[in-house]
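Notes for the one structure printed next.
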Amino acid sequence: MKSDIQIAQEAKMEPIKSVAEKLGLCEDDIEYYGKYKCKISLDVYDKVKDNKDGKLVLVTAINPTPAGEGKSTVTVGLGQALNKMGKKAVIALREPSLGPVFGIKGGAAGGGYAQVVPMEDINLHFTGDMHAITCANNLLSAAIDNHIHQGNNLKIDSRRILFKRVMDMNDRALRKIIVGMGGKINGFVREDGFTITVASEIMAILCLATDLEDLKERMGNILIAYDLDANPVYAKQLEVQGAMALLMKDAIKPNLVQTLENTPALIHGGPFANIAHGCNSIMATKLAMKLGDITITEAGFGADLGAEKFFDIKCRYGNLNPSCVVIVATIRALKHHGGVAKDKLNTPNVEALANGIANLEKQIENIKKFNVDTVVAINRFVTDSDEEVKFVKDFCDKLGVKVALSDVWEKGGEGGLELGKIVVDILDKNDSKFMPIYDVDKTIEEKVLTIAKEIYGANGVSYSNEAKKQISELVKFGLDKLPICMAKTQYSLSDNPNLLAKPEGFDITVQEVRVSNGAGFIVVQTGNIMTMPGLPKVPAANKMDVLKDGEIVGLF
Numbered sequence: 001m002k003s004d005i006q007i008a009q010e011a012k013m014e015p016i017k018s019v020a021e022k023l024g025l026c027e028d029d030i031e032y033y034g035k036y037k038c039k040i041s042l043d044v045y046d047k048v049k050d051n052k053d054g055k056l057v058l059v060t061a062i063n064p065t066p067a068g069e070g071k072s073t074v075t076v077g078l079g080q081a082l083n084k085m086g087k088k089a090v091i092a093l094r095e096p097s098l099g100p101v102f103g104i105k106g107g108a109a110g111g112g113y114a115q116v117v118p119m120e121d122i123n124l125h126f127t128g129d130m131h132a133i134t135c136a137n138n139l140l141s142a143a144i145d146n147h148i149h150q151g152n153n154l155k156i157d158s159r160r161i162l163f164k165r166v167m168d169m170n171d172r173a174l175r176k177i178i179v180g181m182g183g184k185i186n187g188f189v190r191e192d193g194f195t196i197t198v199a200s201e202i203m204a205i206l207c208l209a210t211d212l213e214d215l216k217e218r219m220g221n222i223l224i225a226y227d228l229d230a231n232p233v234y235a236k237q238l239e240v241q242g243a244m245a246l247l248m249k250d251a252i253k254p255n256l257v258q259t260l261e262n263t264p265a266l267i268h269g270g271p272f273a274n275i276a277h278g279c280n281s282i283m284a285t286k287l288a289m290k291l292g293d294i295t296i297t298e299a300g301f302g303a304d305l306g307a308e309k310f311f312d313i314k315c316r317y318g319n320l321n322p323s324c325v326v327i328v329a330t331i332r333a334l335k336h337h338g339g340v341a342k343d344k345l346n347t348p349n350v351e352a353l354a355n356g357i358a359n360l361e362k363q364i365e366n367i368k369k370f371n372v373d374t375v376v377a378i379n380r381f382v383t384d385s386d387e388e389v390k391f392v393k394d395f396c397d398k399l400g401v402k403v404a405l406s407d408v409w410e411k412g413g414e415g416g417l418e419l420g421k422i423v424v425d426i427l428d429k430n431d432s433k434f435m436p437i438y439d440v441d442k443t444i445e446e447k448v449l450t451i452a453k454e455i456y457g458a459n460g461v462s463y464s465n466e467a468k469k470q471i472s473e474l475v476k477f478g479l480d481k482l483p484i485c486m487a488k489t490q491y492s493l494s495d496n497p498n499l500l501a502k503p504e505g506f507d508i509t510v511q512e513v514r515v516s517n518g519a520g521f522i523v524v525q526t527g528n529i530m531t532m533p534g535l536p537k538v539p540a541a542n543k544m545d546v547l548k549d550g551e552i553v554g555l556f
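Numbered as in UniProt numbering, the sequence shown ends at 556 without a single skipped number.
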């Protein structure tokens, strides 16, 4: 069996100019980054803004498990299938982060015969967006420490600096650090730390900004610290938002690549979904909707995290109205939710499937609460028994939800035709009736309780004393009327990763509340969510290499 990278390297890619032409773009509309990738000029949106919006389809999933769900693979395969059906479909995805690529996950560009290419470039430095975000973030960090060193006119309290440095690599040693050591010439000694680039507020801002001016304004609105009188200090008070925007002038432009079947794919931005909002950029999504008849996008992790944030944060700021949601599930993952160990998942077990399918049921229920039509995609594995497949189909039928088998990993677009036909049928029959589930003008506690009860199925929410103080502070400074970005484990509907399937009778415990004021949301943290991951005992990097002739191996 060929690996993903072997399949990708055998692909017959079209020159990116030809891919752009499928979207009605000319050479003046794109900026080349080699033969097979480009950026789309910011002027293009103005040219197409009067085009009718294409329909928007979100691909989400059940709560992820070690067995894997294949959400990106289904997204790519569905896009290929729709193009086979004669539809002008465009895919809009997130950019992978180098940390997970070299850590546990390996590459992140779909899989099998449903991949975006050139997969090596996409998974590595791509067009330099991650570098630009890292630089803009760290320019602000450097400006903070320099301001304190140069006299501290803003009276920044060095004990209450909120903004951290970033790098796009998993490096646990940098989670907590001391800066300014080595004497007076090196500034004031203080505690600091690194987060991974995709957890940076700059990344979230890139993905929620509507243009360069909006990006600059949002970066100026970042709450960086409190002063010695406990008043907020914003990035614009350091007067570096212009320089930060300068570093981001190319990163803000959406990237265009293609799938193995030459379907256009916009890949732009990539915030984590358990600590940020987990969606690609609004700019790329809206552009895709103007350039195509159907846009297929995805949101990170399960529907309780990615889809909820897609609806309540991204759609709110982008004025987006999704018309259909695809929930990806695998029989292997549902059996894991039913209590089966990873090494036993290939063995048929309808009883475990019956126990674990409650997770799928809850995610279907969640999507319905946003008034969006749903279809379940069973991402099929060769080990799935006919009896297990029939069980899932019958279960969905009883819920009145359409269901399709997806064989896109093995067959590409051909393997997604069943799913594609159902999606098109939904899009043809219905106009979007999408609605967020809460009003941003409610209190922080009311908004969090709505998410916890309606989406997670919790009984209630409890707050640490520190979180209560933080909420009071945000209310005091008028920073509370924003959407909520829940930071919790992706593995469970609850905040306990060990509670699988559909847990009941639990409360959500909030440890910390902070505002990403530039991005425009309030981060509510439950449990211990790492903003700087570490490498596993055997990182994916150990299996990667570049050969004498330049061939890359091991980037699965």
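Backbone N, C-alpha and C fix where the C-beta goes; we use that ideal spot for every residue, glycine too.
Task: Given 8 Å, three or more beta-carbon pairs between the segment 241–252 and the segment 126–143 - done: yes
TODO: Measure the Cβ-Cβ separation of threonine 259 and glutamine 115 and say whether it is below 8 Å.
DONE: Residue mapping note: residue 259 aligns to position 259 of the sequence shown, counting from 1. Residue mapping note: residue 115 aligns to position 115 of the sequence shown, counting from 1. Contact: yes.
- [ ] Return the chain-ordered list of same chain residues with a C-beta closer than 6 Å to the C-beta of isoleucine 422, the five sequence neighbours on each side being excluded.
- [x] Translated into the one-based positions of the sequence shown, residue 422 becomes position 422. So the list reads Val375, Lys402 and Ala404, once near-sequence residues are dropped.
- [ ] Could you work out which residue in Asp480, Asn379, Glu445 and Ser385 is closest to glycine 110 when comparing CA atoms only?
- [x] Residue 110 sits at position 110 when you count from the first residue of the sequence shown. The shortest C-alpha separation from glycine 110 is found at Asn379.
Task: Contacting residues, own chain, Cβ-Cβ under 7 Å from glycine 339 (five flanking each side not counted) - done: Taking the first residue of the sequence shown as 1, we reach residue 339 at position 339. Result list for glycine 339: Ala352 and Asn355, in chain order.
TODO: Pick helix, strand or coil for valine 325, following the three-state DSSP scheme.
DONE: As a first step, residue 325 is located in the sequence shown; it is residue number 325 there, counting from the start. Note: valine 325 maps to strand in three-state DSSP.
TODO: Hey, could you find the ends of the beta strand (DSSP E) glutamate 298 is sitting in?
DONE: Within the sequence shown, numbered from 1, the residue matching residue 298 stands at position 298. 294–298 is the extent of the beta strand (DSSP E) around glutamate 298.
Task: Closest by C-alpha distance to isoleucine 364, when choosing among Gly420, Cys485, Cys324 and Val513 - done: Numbered from 1 along the sequence shown, position 364 holds the residue referred to as residue 364. The candidate whose alpha carbon is nearest that of isoleucine 364 is Cys324.
- [ ] Quick one: using the 10 Å Cβ neighbour count with 16 as the cut-off for buried, is arginine 165 buried or exposed?
- [x] Position 165 of the sequence shown, counting from 1, holds the residue named residue 165. Flag for arginine 165 reads buried.
Task: C-beta atoms of cysteine 38 and histidine 277 nearer than 8 Å - done: Walking along the sequence shown from the start, residue 38 turns up at place 38. Walking along the sequence shown from the start, residue 277 turns up at place 277. No; because the gap between Cβ atoms is not below 8 Å, this pair is not in contact.
- [ ] Jot down the residue ranges of each uninterrupted beta strand (DSSP E) in the segment 478–513, minimum 3 residues, whole runs only, in chain order.
- [x] 484–487
Task: tyrosine 438 versus lysine 548: straight-line alpha-carbon distance, rounded - done: By 1-based counting over the sequence shown, the position of residue 438 is 438. By 1-based counting over the sequence shown, the position of residue 548 is 548. Their Cα atoms are separated by approximately 56 Å.
Task: Endpoints, beta strand (DSSP E) assigned at residue 567 - done: Examination of residue 567 is not possible in this model, given that the chain is present from 1 through 556 alone.
Open item on the list: Under DSSP, the beta strand (DSSP E) around tyrosine 32 begins and ends at which residues?
Closed with: The sequence position of residue 32 within the sequence shown is 32, counting from 1. Residues 30–32.
Open item on the list: Quick check: what's the CA-CA separation for glycine 302 versus serine 200?
Closed with: Counted from its first residue, the sequence shown places residue 302 at position 302. Counted from its first residue, the sequence shown places residue 200 at position 200. When rounded, the distance between both Cα atoms is 21 Å.
Open item on the list: Using 8 Å as the threshold, is the C-beta distance between isoleucine 40 and lysine 253 below it?
Closed with: Start at 1 with the first residue of the sequence shown, and residue 40 comes out as number 40. Start at 1 with the first residue of the sequence shown, and residue 253 comes out as number 253. Yes, the Cβ-Cβ distance between isoleucine 40 and lysine 253 is below 8 Å.
Task: Within 8 Å, strictly: CB atoms of phenylalanine 255 and glycine 270 - done: In the sequence shown, the residue the question calls residue 255 occupies position 255. In the sequence shown, the residue the question calls residue 270 occupies position 270. According to the sequence provided, residue 255 is asparagine. The question's phenylalanine does not apply to it. No, these two residues do not count as a Cβ contact at 8 Å.
Open item on the list: Helix, strand or coil for threonine 526? Go by DSSP, reduced to three states.
Closed with: Here residue 526 refers to the residue found at position 526 of the sequence shown. Three-state result, threonine 526: strand.
Task: Nearest neighbour of leucine 93, chosen from Ala81, Ser72, Gln80 and Gly99 [CA to CA] - done: Sequence index remark: in the sequence shown, residue 93 carries index 93 (1-based). Looking at the Cα atoms, Ser72 is the closest of the given residues.
- [ ] Enumerate in chain order the residues of its own chain whose CB-to-CB distance from glycine 187 is below 6 Å, with the five nearest sequence positions on each side excluded.
- [x] Here residue 187 refers to the residue found at position 187 when the sequence shown is read from its first residue. Cβ within range, chain order: Asp145, His149 and Gly180.
Open item on the list: On the DSSP letters alone, give me the boundaries of the alpha helix (DSSP H) that cysteine 38 sits inside.
Closed with: Stepping through the sequence shown from its first residue, residue 38 is reached at position 38. Run containing cysteine 38: none in the alpha helix (DSSP H); it sits in the beta strand (DSSP E), 38–40.
Open item on the list: Considering Cα atoms alone, identify which of Arg159, Val189, Asn496 and Lys216 is closest to valine 229.
Closed with: Here residue 229 corresponds to residue number 229 of the sequence shown, with the count starting at 1. Note on residue identity: the sequence assigns aspartate, not valine, to residue 229. Comparing Cα positions, the closest option is Arg159.
- [ ] Quick one: using the 10 Å Cβ neighbour count with 16 as the cut-off for buried, is alanine 341 buried or exposed?
- [x] Looking up residue 341 in the sequence shown gives position 341. Flag for alanine 341 reads exposed.
Open item on the list: Just to confirm the assignment, what range does the alpha helix (DSSP H) spanning threonine 195 have?
Closed with: Numbered from its first residue, the sequence shown carries residue 195 at position 195. Per DSSP, threonine 195 belongs to no alpha helix (DSSP H); it is in the beta strand (DSSP E), 194–196.
Task: For isoleucine 122 and asparagine 262, the rounded distance between their alpha carbons - done: What you label residue 262 is simply residue 262 of the sequence shown in a count that begins at 1. What you label residue 122 is simply residue 122 of the sequence shown in a count that begins at 1. Looking at the two C-alpha atoms, the distance is approximately 15 Å.
Task: Continuous beta strand (DSSP E) stretch holding alanine 199: start and end - done: Residue mapping note: residue 199 aligns to position 199 of the sequence shown, counting from 1. No beta strand (DSSP E) holds alanine 199; DSSP gives it neither H nor E.
Open item on the list: Using DSSP's beta-bridge definition, name the partner residues of glycine 180.
Closed with: Here residue 180 is taken as the residue at index 180 of the sequence shown, counted from 1. Glycine 180 is not bridged to any residue.
TODO: Check whether the Cβ atoms of proline 497 and glycine 103 sit closer than 8 Å, and answer yes or no.
DONE: Numbered from its first residue, the sequence shown carries residue 497 at position 497. Numbered from its first residue, the sequence shown carries residue 103 at position 103. At the C-beta level, proline 497 and glycine 103 stay beyond 8 Å of one another.
Task: Residues near histidine 268 in its chain [Cβ-Cβ closer than 6 Å; skip 5 each side] - done: Position 268 of the sequence shown, counting from 1, holds the residue named residue 268. For histidine 268, where only same-chain residues beyond five positions count, the Cβ hits under 6 Å are Pro254, Asn255, Asn280, Ser281 and Ala284.
Task: For leucine 56, the residue or residues it bridges with in DSSP - done: As a first step, residue 56 is located in the sequence shown; it is residue number 56 there, counting from the start. DSSP, once it has assigned bridges, lists Thr295 as partnering leucine 56.
Task: Per-residue burial, glutamine 241 [other beta carbons within 10 Å of its own, 16 or more giving buried] - done: Here the question's residue 241 lines up with position 241 in the sequence shown. By the 10 Å Cβ count, glutamine 241 comes out buried.
Open item on the list: Rounded to whole angstroms, what is the Cα-Cα separation between isoleucine 522 and serine 385?
Closed with: Here residue 522 refers to the residue found at position 522 when the sequence shown is read from its first residue. Here residue 385 refers to the residue found at position 385 when the sequence shown is read from its first residue. Taking the straight line joining both Cα atoms gives about 44 Å.
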